[in-house]
Structures are given as C-alpha cells and as structure tokens.
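The numbers in the sequence shown follow the UniProt record's numbering, run straight up by one, and end at 149.
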Amino acid sequence: MAIKVHHLRPAPGAKTAKTRVGRGEGSKGKTAGRGTKGTGARKNTPAAFEGGQMPIHMRLPKIKGLKNRPRNKVVFQVVNLDRLAELFPNGGEVGPDELFEAGAVRKNQPVKVLGSGELGSVSLTIKAHAFSESAKEKIAAAGGSTTEL
Numbered sequence: 001m002a003i004k005v006h007h008l009r010p011a012p013g014a015k016t017a018k019t020r021v022g023r024g025e026g027s028k029g030k031t032a033g034r035g036t037k038g039t040g041a042r043k044n045t046p047a048a049f050e051g052g053q054m055p056i057h058m059r060l061p062k063i064k065g066l067k068n069r070p071r072n073k074v075v076f077q078v079v080n081l082d083r084l085a086e087l088f089p090n091g092g093e094v095g096p097d098e099l100f101e102a103g104a105v106r107k108n109q110p111v112k113v114l115g116s117g118e119l120g121s122v123s124l125t126i127k128a129h130a131f132s133e134s135a136k137e138k139i140a141a142a143g144g145s146t147t148e149l
C-alpha cells in the first residue's frame, strides 16, 4: 500500500502537549513558571528593556548632518568603445535597443558611451543619451557618427 499524506504522523515524543500554567498546584501552579518575586513575576517588561542599563537604541549615536541625495539624478548605463567594437564588428547603426539585445545594457535606461578602448576600423552610427568628449572624437576618427537622444 502506498504511503499518503494523511498517513504521516510526527515521530513519537516529537510533539509535547502545551503546558497550561497558573491552573492550580497540580501542574505549574502557584508562580506559573515565573519564579519568585521581581518585575518578571509581577508584570511584563518591554522586549528591549535591559534591566535599567542604558538601552542600545540610546547608546548608539544619532545620525547628524545633511544627506545630499539629489532626487533627479540620472544614472546612465555605460558602454565603452572597445565593448562596442567587440559587439558590433561589422559596424552599422547602434542604439539603446540594439545594445539591450546584445546584452550590454538594461532596457529602458539612459545610455552613455565612454571613450575607453579603441574602435579600430569599425565605423558605427551610434545613438545614445550621452557621450564623453573622448568617445565622440574616437568615433569621428573611425569614420562613424554620434546622435544624442
């Protein structure tokens, strides 16, 4: 006979009955497992209470000063010229969609072309959101053109 889910049982002794405390002298009566006297026996204390020691959230320093985080900062996906020459050895038109399909950038993100590396003899017509000055010079020198979107 095949074993079924409704036949499964925990191992003997794995599950113990819940101890009902404070229900008379027969079982954990009287102090109900809270010991004798003291705060813990009489009432509950907050989880973060450290027995009168200065709590950790008060020991740690406050964060001071201005956080200069520009809300409208544009984060570009960067592509270098040597990577472009590697991905498009035959030249042609290159835009953000072609770069995404080649796996060079993420989709729907602004793209910036940087001038690291050399294009060699590859002539590319590149459309991107931004170009570095050195990238523009090297693309023009290789016989290509740049268009800012």
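All C-beta atoms, glycine included, are put in the ideal place defined by N, C-alpha and C.
Three-state secondary structure (DSSP) at residue i?
i	result
Glu101	helix
Ala128	strand
Glu25	coil
Glu148	strand
Thr39	helix
Ser116	coil
Glu137	helix
When burial is assigned at 16 or more other CB atoms within 10 Å of the CB, is residue i buried or exposed?
i	result
Phe49	exposed
Ile56	exposed
Leu66	exposed
Gly92	exposed
Pro89	exposed
Ala141	exposed
Leu84	buried
Ile126	buried
Pro96	buried
Gly51	exposed
Val74	exposed
Leu8	exposed
Leu99	buried
First and last residue of the alpha helix (DSSP H) that includes residue i?
i	result
His7	First-last for His7: undefined, no H or E at that position.
Arg59	56-59
Lys30	No alpha helix (DSSP H) contains Lys30, which DSSP labels as neither H nor E.
In chain order, which beta strand (DSSP E) runs of at least 3 residues are fully inside the stretch 61-114?
77-80, 92-94, 111-114
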